[in-house]
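S.K.:
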Amino acid sequence: MSRRWRLAILTAVVILLTGCGVSVPADPQGTLDRVSGGVLRVGASPNGDWVKLPSSGEPTGTEAELVRRFAAQLDARVEWSTGTEHILAERVEHGELDLMIGGLREDTPWEKHAALTRPYTESVDDTGKKHKHVMLVAKGENGFLLTLDTFLKESEVAK
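Letter by letter, the sequence shown follows residues -26 to -1, 1 to 133 in mature numbering (1 follows the signal peptide of the UniProt record, and there is no 0).
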């Protein structure tokens, strides 16, 4: 098939999808619409300065503060859940949480359970090795993921 035909077919598909009310990126589960003006369900796993879990009260730390600012941008209230990375990643996978934080690196094993944000900052460990950090969201919720990625890109996070 020639390049011209492929371009014509692609254009026709885009026009048809636009006419059908399909928006890209889409959220099959409606996460962005549900969270906007509502509740952002966040799983927080303790990890150094990224996420701290005080004996009483809500999580603190670099990522907890980022989540609060993101929620404020969406006019949403944060509903916190705490636990191990494994349990929280499974809850994201099953749609019980919208977002998971915990100082996660881009090489996280939880990518099998959820989608990753783009790396939004780097840290350097004691050996001098650099690590890029991400957050987890439900797979397929691309509108929500894009909104979060844009927020993280525009946020000033110390590297």
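Here a beta-carbon is modelled for each residue, glycine too, at the ideal position from N, C-alpha and C.
Report buried or exposed for Thr(-16), applying the criterion of at least 16 other Cβ atoms within 10 angstroms of its Cβ.
M.R.: Summary for Thr(-16): the model assigns pLDDT 49, below 50, so the residue's position carries little reliability; its value from the coordinates is reported in the next sentence. Label assigned to Thr(-16): exposed.
S.K.: Alpha carbon to alpha carbon, what distance is there between Lys86 and Lys133?
M.R.: Low per-residue confidence applies at Lys133: pLDDT is 48, beneath 50, and the placement is therefore not dependable enough to give any value.
S.K.: Compare the C-alpha of Val25 against each of Gly76, Ala88, Asp1 and Leu48 and name the closest.
M.R.: The shortest Cα separation from Val25 among Gly76, Ala88, Asp1 and Leu48 belongs to Gly76.
S.K.: Can you tell me which of Gly117, Ala112, Thr121 and Leu126 puts its alpha carbon nearest to the alpha carbon of Arg65?
M.R.: Minimum Cα distance to Arg65 is reached at Ala112.
S.K.: Within the same chain, show all residues whose beta-carbon is closer than 7 Å to that of Val98, passing over the 5 residues directly before and after it, in chain order.
M.R.: Around Val98: Lys104.
S.K.: If you check the beta carbons only, do Thr91 and Leu62 fall under 8 Å apart?
M.R.: The answer is no: Cβ separation not under 8 Å.
S.K.: If you run the structure through DSSP and keep just helix, strand and coil, what is Leu14?
M.R.: Note: Leu14 maps to strand in three-state DSSP.
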